[in-house]
Amino acid sequence: MADMAKKEPIDIERMIMQARYELSLMAGQPVVAENPKVMDYEKRISDLLKATEVLLESNRDLGERLAAESARLKELESRLADQKKLEEENKSLRGELEQLRRALFGKHSEKGSNPSSSGRNKTKGEAEIEYIKNGSRKPESKPAESADDEDDDDGVDEDTTPGSPASQGQPTVQRQKEQRDTSKRPGKYNTMHADLVVEHRCDLEALKKMGLEYIRDARPTKQIDRISMIREDIYYGVWVRDKDGNEFTIFIPQEKDSGKCILFDEGKYARPRIVKHTSATPSMLSDLIVNRFQYTISTGREMFRLRNEKMYMCPQSILNWLSAGARELTGPLNEIRGILLKEGSAIYCDETWVDVRVRCNDGRMHYRKRHMWVIVNLKEKLCYYLYGRRKRKVIMDFLGDFKGTVMTDAYVAYDYLDKLEGCTHVCCWAHARRIYVSARDDFKDLNAGEFITLISLLYKIELDIRLGNYTENEVLKIRQTQAIPILMELYHRATGLLEKYDKKQVHLSSKLVQALNYMLNHWKELVGYANLGNVQIDNNSCERAVRPFTNLRKSIGGFSSAAGARIAATYLTFIETCKLKMKPPLDFFRKFFELTLTGKPANEALTEALLC
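Pasting the structure below:
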């Protein structure tokens, strides 16, 4: 209709002349204006043409109105599309806001547990919020044991409904709840005790003098007190000259100084026992190391703690002692690295950031973001901290031509491992799962639930493997027969859902699209674990080793030099290795420094104190 309205107006006079001519042919008469019959036809044709002209004019108006309405409809459709787009962006931003709110302001219990999650067959829970490389955060989970222990009391159930024996006062048959196995419980609990015990006996003779009769011994009352003090010993040596005329200093203790007291073995203090380049004994330096790097006590707080024990020293002296102790551990650190990267091993890598004060191009000192790399070998029970930037060169130089299996996240710095000869690169399923959990919990996308369920089945298989204590070949066979079908189902569902999304047949949240693309882009590395028997399904063991450093970073804020960060990396390497080997870090440092004072080489001292 709009096209008709755009045509030129019809020439009425021309139509009249044409009509006259046609009428004359029909009547067989010449065309004359005076013929009444012709005039009647002309009048009727004129009326018809006028009506046609009015109709055409109305048609033109309708065409113009239709064009205007079409333009308005297109504008409304465009505005509606923009509105839908804004609604999607708003929903996505609300999801991200929910993540950040729980990450920043949620209580520890809210971050670490999810009441709707049993915790079993899962890596971390469905409410975990944790930094991942693409910027998303995820909900953390409730411990696996807590779900099984809920409402686990040893009571009995009794029927008290009307008409029951109990309601009528008759004896009832009690239904006992299922009892837990307590056969392995100890006879008594002695977990709380002290190495130094002083016993005080009751004076029975005094009771007789008081006119009291002894019946039996009472239950002993324990009193536990902490006696904390710092001891300073001064050794007055002398200069001597031997028969050859050589002069040197020597100290020989007097006999009266070799006694013992109830608190200390004075024989230990007969001669000076200090770590090289410090004034600290192995015990004193070990306490400072553990307080600083395991319990994350800053040097300022350590200074005030020492003052409470009547010991006065500045924070810089503490740092100098810690630096001297780290130099003693340089040789053992290299030995740890050699065992860690043993050929055929499976290692787990992760990294985290830290602010370090460095000299910049302008010649001034500024705080810049650097990174601490963490490498774990579960088979050898070793952990290694490596300080450096977040560049690929750092991890390349450390690993060298490593031949084995490396489990990482999807950080691009690890991509070169796929081309490294003799090295198998696999990726962590926990990182993939976190994005699905965030899509379901934060972005309210129910389509993510089916993927979380399938991934949970993979973790159930891993739980059965862990409890079964299988060999590597048996683990590989179980994964090939049970995990591979689930992985294929995951792949087909992901590709099918993305195909529908591309055709606009289904609506998906931006977070779920991110999760699907993440999984498919790294599919080869994600399924790699199923073709191996010596690697776990995720990188959580390495992330647990990263957490002590994040606690230290939160406590001290940053390092004033790169040397300080390397010292922290040295000590944390041995502290986390001690944890993996189930040995107290304090005992290790004490024994190591004691052995080095006896003249034993550092590598031999490491073997005796930690690796044996």
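Numbering (the numbering used here), first residue to last: 37 to 648.
Don't be surprised by glycine CBs; every beta carbon is placed ideally from N, CA and C.
If you're wondering where the values come from, they're calculated on a predicted model, not measured in any experiment.
Of the residues the options, the one placed nearest residue i, counting alpha carbons only
i	options	result
H467	N575, H402 and R476	N575
L240	R363, K590, D253 and D231	D253
Y447	K427, L646 and V412	K427
D437	W389, D231, S128 and K455	K455
H407	Y450, Y423, Y537 and K417	Y423
I471	C459, G458, G485 and T460	G485
V412	C614, K110 and V511	C614
L552	D118, E283, I491 and I497	I491
L646	T606, F624 and T632	F624
Y495	T507, W465, D481 and N505	W465
T606	E371, D433 and G336	E371
A316	N282, S334 and E268	E268
N126	E579, R626 and S546	S546
L365	L112, V311, L544 and T285	V311
V549	S474, L109, T609 and G336	S474
R341	M265, E124, R96 and D280	M265
T609	S128, Y527, F487 and P584	P584
T388	V394, R373 and V410	V410
P318	K636, R626 and R237	R626
S334	G399, A604 and L91	A604
Own chain residues within Cβ distance below 6 Å of residue i, not counting five before or after
i	result
P308	Y271
T332	N587, L588 and S591
K617	K417
I573	W465, E498 and Y565
Y377	Note that residue 377 is Leu in the sequence shown here, rather than Tyr. The residues are F438.
A601	V392, Y423 and F595
N570	A382 and E508
M339	P351
Cβ-based neighbour list, residue i, same chain, cut-off 8 Å, excluding 5 preceding and 5 following
i	result
V566	Inspection of the sequence shows that residue 566 is occupied by Ala rather than by Val. Here the set comprises R515, Q516, A519, I520 and L523.
T314	L321, N356, W357, A360 and G361
T531	L556
Y452	R428 and M432
A414	It is worth fixing the name first, because residue 414 is Leu in this sequence and not Ala. Cβ neighbours of L414 beyond the five flanking positions: A382, Y384, Q572, S577 and L616.
P620	C614
K636	E644
Chain-order list of residues whose beta-carbon lies under 7 Å from that of residue i (same chain, five-residue window excluded)
i	result
T634	none
E249	none
E561	H461, V462 and C463
L243	Y250
K536	V542
I501	V511 and I514
Bridge partners - residue i, DSSP secondary structure assignment
i	result
T444	C463
R277	E283
F595	V392
Distance between beta carbons of residue j and residue i, contact taken as under 8 Å
i	j	result
V442	C459	6 Å
Y421	G594	With a Cβ gap of about 16 Å, Y421 and G594 do not count as contacting.
F9	I611	This structure cannot speak to residue 9, because the chain is shown only from 37 to 648.
L324	I354	6 Å
D478	E113	That pair is no contact at about 31 Å.
L568	L512	7 Å
G273	T285	5 Å
L534	N483	Contact doesn't hold; Cβ gap of about 11 Å is too wide.
P368	L642	4 Å
L622	V326	5 Å
E379	G336	Between G336 and E379 the Cβ distance is about 45 Å, and since that is not below 8 Å, they are no contact.
Cβ of residue i within 8 Å of any chain B Cβ
i	result
I270	No chain B appears in the structure shown, which is made up of a single protein chain.
Start-end ranges of the alpha helix (DSSP H) lying completely within the stretch 450-509, minimum 4 residues: 465-477 and 484-504
3-residue-minimum beta strand (DSSP E) runs that sit fully inside the stretch 366-432, ordered along the chain: DSSP runs (the beta strand (DSSP E)) wholly in the stretch 366-432: 382-395, 401-413 and 418-424.
Every unbroken alpha helix (DSSP H) inside the stretch 528-573 [4 residues or more]: The stretch 528-573 contains these whole alpha helix (DSSP H) runs: 546-557 and 559-562.
Within the stretch 100-151, ranges of the alpha helix (DSSP H) (whole runs, at least 4 residues): Annotation note: the stretch 100-151 contains the following uninterrupted alpha helix (DSSP H) runs of length 4 or greater, listed N- to C-terminal: 144-148.
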